[in-house]
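Position 96 (the sequence shown) corresponds to 99 in the working numbering; numbering is contiguous. All residues carry an ideal CB built from backbone N, CA and C; glycine is no exception. I have placed the structure first, in the form of structure tokens, so that the comments after it can refer back to it.
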Amino acid sequence: MTHNELEGARMAAAIAEYADDRKATDIVELDLRGVLGYADYFVVCSGNSDRQVKAIHDGIHERMKREHGLLPRRVEGLPQAQWVLMDYLDVVVHIFTPDTREFYRLEQLWGEAPARAVGSGAES
Numbered sequence: 004m005t006h007n008e009l010e011g012a013r014m015a016a017a018i019a020e021y022a023d024d025r026k027a028t029d030i031v032e033l034d035l036r037g038v039l040g041y042a043d044y045f046v047v048c049s050g051n052s053d054r055q056v057k058a059i060h061d062g063i064h065e066r067m068k069r070e071h072g073l074l075p076r077r078v079e080g081l082p083q084a085q086w087v088l089m090d091y092l093d094v095v096v097h098i099f100t101p102d103t104r105e106f107y108r109l110e111q112l113w114g115e116a117p118a119r120a121v122g123s124g125a126e127s
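Here it is in structure tokens:
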């Protein structure tokens, strides 16, 4: 599947699934179409430690490359692994430790954007 075939909502859903497979918690998709000019979706999730944050990053990176032939345009924060950002253009992934996520409160910043909790811990 090429980048053109894997756009927006489907890419965000795939990334959320890969994060869930690595036991990410509090996975949220923010629909930022019409709100931001540089991305359609944010996928925000947490890992319980810097090691788990790195493992979530690695899982997303590996499966996006293997299953879709996509690499992030850039990755930031990996050495410290308190807040790792992965930029897939249409979708920007934010992987936090719980304390860092609470400090930056990214979901509240984009509170007007439609949000959807996803993953095995989401309420149905």
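Exercise. Residue 44 lies in the beta strand (DSSP E); which residues open and close that run?
Worked result: 44-49
Exercise. Does at least one heavy atom of the ligand PLP sit under 6 Å from the Cβ of residue 110?
Worked result: Ligands displayed in this structure: none; no statement on the ligand PLP is therefore possible.
Exercise. Rounded to a whole number of angstroms, what is the C-alpha to C-alpha distance between residue 106 and residue 19?
Worked result: 22 Å
For this session: Report back the beta-carbon spacing between residue 52 and residue 29 to the nearest angstrom; my notes put them in contact at under 8 Å.
Result: So it is not a contact: roughly 15 Å between Cβ atoms.
Exercise. How do the stretch 33-43 and the stretch 80-99 stand: do at least 3 beta-carbon pairs fall below 8 Å, yes or no?
Worked result: yes
For this session: Look up residue 88 in the DSSP assignment and say whether it is helix, strand or coil.
Result: strand
For this session: State the Cα-Cα distance for the pair residue 69 and residue 117, rounded to the nearest angstrom.
Result: 30 Å
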